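Numbering (numbering that gives the first Met the number 0), first residue to last: 0 to 378.
Data block below; observations after.
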Amino acid sequence: MSKLGLYVHIPFCRQKCLYCDFSSYSGVEHLFTAYTTALCQQIADQGGKLYKPLVDTVYIGGGTPSVLPVPLLEQIVASLEDNFTIESGAEISMEANPGTVTRQQLAALKAAGINRLSFGVQSFNDDLLTGLGRIHQTADSLAVVEYAQAVGFNNISIDLMYGLPGQTVAGFFRELEQAAALQTTHISVYGLKLEEGTPLATAAEQGLLALPDEAAEEAMYSAMSEFLPSQGLARYEISNFARPGFECRHNLKYWHYQPYLGLGAAAHSFLNRQRTGTVTGIKEYISRVTTGMSPVVMEETLAQDESMAEYIFLALRTTEGMRLNHFTRYFGVDFFDLFGNVFARLQRQGLLEADDERIWLTDTGMKFGNIVFRSFLPD
0 MSKLGLYVHI
10 PFCRQKCLYC
20 DFSSYSGVEH
30 LFTAYTTALC
40 QQIADQGGKL
50 YKPLVDTVYI
60 GGGTPSVLPV
70 PLLEQIVASL
80 EDNFTIESGA
90 EISMEANPGT
100 VTRQQLAALK
110 AAGINRLSFG
120 VQSFNDDLLT
130 GLGRIHQTAD
140 SLAVVEYAQA
150 VGFNNISIDL
160 MYGLPGQTVA
170 GFFRELEQAA
180 ALQTTHISVY
190 GLKLEEGTPL
200 ATAAEQGLLA
210 LPDEAAEEAM
220 YSAMSEFLPS
230 QGLARYEISN
240 FARPGFECRH
250 NLKYWHYQPY
260 LGLGAAAHSF
270 LNRQRTGTVT
280 GIKEYISRVT
290 TGMSPVVMEE
300 TLAQDESMAE
310 YIFLALRTTE
320 GMRLNHFTRY
330 FGVDFFDLFG
340 NVFARLQRQG
350 LLEADDERIW
360 LTDTGMKFGN
370 IVFRSFLPD
């Protein structure tokens, strides 16, 4: 088996953002310790069950992991190190939000073994941040990146969003300039998705949001696609840009169809070609783990044609694309024998290109990736 990636879910946040449909909860600080205890128990159980496998990436996400007190985060990292074989030089990432972590806490996290930070900045416009329900302001974002750099973190990512209510093309370009000026090693940029049931989606349905039109969104997409590479941040995936050698190794596991183990509530795993997911409720997760029950409530083994489609569109999200010999090795069939006609049509449309070794999305294909991805789905 390939080296394992670990995803650790911390389902807590200080305040639920208006666009968020992730499994996260605010106002439940009284569960922090019990959740950490249960999580460390699951870590021990899984580490033993898998015979302390070799791990080369760890990603602590949420929620907002940085709302947990540092001693609890230290306990989690120590438990991972005790129960898995963490490779020397492993990437150990943690998400954090501006306004939830101090310079002293960042120094303690670095000492505990965290070596990559991902800050949920989202915007450098205070009015837009308020509209998203974020608890921080631009000054907090600038400060937290400065703090992280000052205490010795040299692998820092920030998240930005475009297509926000009230956002203009010119304003978004200024935000890109501010992001690049911070000299972080990685920037992720995501278009706003109005997820059903979220307050922002409800407001949009009621006509209460001034969302950018399609032309403005396309201009924002073009701006990030052109500007960030000009600042030394090469695109390596549809939404992700990095300086050489600072691509997120953990996320590459998802796109390269490599194994990863999810730990915590609402965490998903991909092992031995099977997907599993744990219970989403915090209290039920704690109860199950502490009473010896499995927290896994979802198991799925994809059919061959579904697995092929998933493999293809995950690989095509990256600028490297999909290596043809990897597809053949994984599935035992030639890509063009099965999908030659689909590929030819997409190539004629200017969405896909190929050489002897790989296929990849063109610049236009990156822009309209969902059209490409749907083409490989089974009937």
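From the three backbone atoms N, C-alpha and C, an ideal C-beta is built for every residue, glycine too.
Given the structure is predicted, the values throughout are model-derived calculations rather than measurements.
Write down the C-beta distance between residue i and residue j rounded to the nearest angstrom, noting that I regard them as a contact closer than 8 Å.
{"i": "L360", "j": "L351", "result": "6 Å"}
{"i": "E90", "j": "H249", "result": "6 Å"}
{"i": "R274", "j": "S306", "result": "Not confirmed; about 10 Å, so no contact."}
{"i": "S122", "j": "N96", "result": "Contact doesn't hold; Cβ gap of about 13 Å is too wide."}
{"i": "G231", "j": "G190", "result": "With a Cβ gap of about 23 Å, G231 and G190 do not count as contacting."}
{"i": "V144", "j": "L181", "result": "5 Å"}
{"i": "L3", "j": "L260", "result": "6 Å"}
{"i": "C12", "j": "G62", "result": "5 Å"}
{"i": "F335", "j": "F372", "result": "The pair is not a contact, with the Cβ atoms about 18 Å apart (cut-off 8 Å)."}
{"i": "Y310", "j": "Y256", "result": "5 Å"}
{"i": "G165", "j": "G132", "result": "Contact flag wrong, Cβ pair sits at about 14 Å."}
{"i": "I370", "j": "M321", "result": "Actually they do not touch by this definition, with Cβ atoms about 17 Å apart."}
{"i": "A222", "j": "V168", "result": "7 Å"}
Let's see if you can read the secondary structure: which residues bound the alpha helix (DSSP H) around residue i?
{"i": "V144", "result": "137-149"}
{"i": "E216", "result": "213-229"}
{"i": "D333", "result": "Neither: D333 is in no alpha helix (DSSP H) and is coded neither H nor E."}
{"i": "R173", "result": "168-180"}
{"i": "G130", "result": "125-131"}
{"i": "T381", "result": "Since the first residue of the chain shown is 0 and the last is 378, residue 381 is not available in this structure."}
Out of the options, which one is the CA nearest neighbour of residue i?
{"i": "G151", "options": "L163, T183, G26, E216", "result": "T183"}
{"i": "Y58", "options": "S92, A33, G88, Q40", "result": "S92"}
{"i": "T318", "options": "V332, F269, P228, Q257", "result": "P228"}
{"i": "F367", "options": "E217, G231, W254, F171", "result": "E217"}
{"i": "D126", "options": "Y253, F171, G61, S224", "result": "F171"}
{"i": "A265", "options": "I9, L3, L5", "result": "I9"}
{"i": "Q104", "options": "S78, L131, Y146, S87", "result": "Y146"}
{"i": "V7", "options": "H267, G339, T327", "result": "H267"}
{"i": "I113", "options": "H135, P377, S87, L345", "result": "S87"}
{"i": "S238", "options": "T289, D362, G276, A215", "result": "D362"}
{"i": "G276", "options": "L262, V288, I285, L208", "result": "L262"}
{"i": "T32", "options": "T300, G349, K282, T167", "result": "K282"}
{"i": "S140", "options": "P70, A209, T99", "result": "T99"}
{"i": "T137", "options": "G364, A106, T101, Q177", "result": "Q177"}
{"i": "F330", "options": "Q303, A233, L67", "result": "Q303"}
{"i": "K109", "options": "H135, F245, A149, S23", "result": "A149"}
{"i": "T35", "options": "L5, G46, S25, S78", "result": "S78"}
{"i": "V433", "options": "A106, I42, Q45, C39", "result": "This structure cannot settle anything about residue 433, because the visible part of the chain is limited to 0 through 378."}
{"i": "T300", "options": "A215, L270, A314", "result": "L270"}
{"i": "F326", "options": "N340, D44, E356, T201", "result": "E356"}
{"i": "A43", "options": "A308, V288, F375", "result": "V288"}
{"i": "G364", "options": "A179, R316, A37, G339", "result": "R316"}
{"i": "F417", "options": "G349, T279, T56, G339", "result": "For the chain, the structure presents residues 0 to 378; residue 417 sits outside this window and is missing."}
{"i": "A308", "options": "L5, P211, P377", "result": "P377"}
{"i": "F240", "options": "G280, I186, E298", "result": "I186"}
Could you spell out the range, first to last residue, of the beta strand (DSSP E) harbouring residue i?
{"i": "E73", "result": "Run containing E73: none in the beta strand (DSSP E); it sits in the alpha helix (DSSP H), 69-82."}
{"i": "D362", "result": "Taken as a continuous stretch (DSSP letters only), D362 belongs to no beta strand (DSSP E), being part of the alpha helix (DSSP H) at 362-366."}
{"i": "R102", "result": "That residue, R102, is in no beta strand (DSSP E); its alpha helix (DSSP H) goes 102-111."}
{"i": "G190", "result": "185-190"}
{"i": "L351", "result": "351-353"}
{"i": "Q14", "result": "Note, Q14: premise wrong, no beta strand (DSSP E); not H, not E."}
{"i": "Q121", "result": "115-121"}
{"i": "A233", "result": "233-236"}
{"i": "V66", "result": "Where V66 is concerned, there is no enclosing beta strand (DSSP E), given that its DSSP letter is neither H nor E."}
{"i": "F240", "result": "239-241"}
{"i": "S1", "result": "Taken as a continuous stretch (DSSP letters only), S1 belongs to no beta strand (DSSP E), as it is neither H nor E."}
{"i": "S156", "result": "155-161"}
Using 8 Å as the limit for Cβ to Cβ distance, is residue i near chain D?
{"i": "G280", "result": "Of the protein chains in the structure, only one exists, and it is not chain D."}
**Asked** With contact counted as at least three CB pairs below 8 Å, one residue from each stretch, are the stretch 150-169 and the stretch 110-120 in contact?
**Response** yes
**Request:** Report the residue ranges of all beta strand (DSSP E) runs contained in full by the stretch 251-303; include only those spanning at least 3 residues, in chain order.
**Result:** 259-262, 267-270, 273-277, 295-300
**Message:** Whether or not the stretch 82-99 and the stretch 47-66 are in contact is what I'm after, with contact meaning three or more pairs of Cβ atoms, one per stretch, closer than 8 Å; do they touch?
**Reply:** Short answer: they touch.
**Asked** Should the stretch 62-78 be regarded as contacting the stretch 289-304, the criterion being three or more beta carbon pairs within less than 8 Å?
**Response** no
**Asked** Quick one: complete alpha helix (DSSP H) runs, 4+ long, within the stretch 25-50?
**Response** Counting only runs of 4 or more, we get 31-48.
**Asked** Counting pairs of beta carbons, one from the stretch 194-210 and one from the stretch 244-263, are three or more of them closer than 8 Å?
**Response** no
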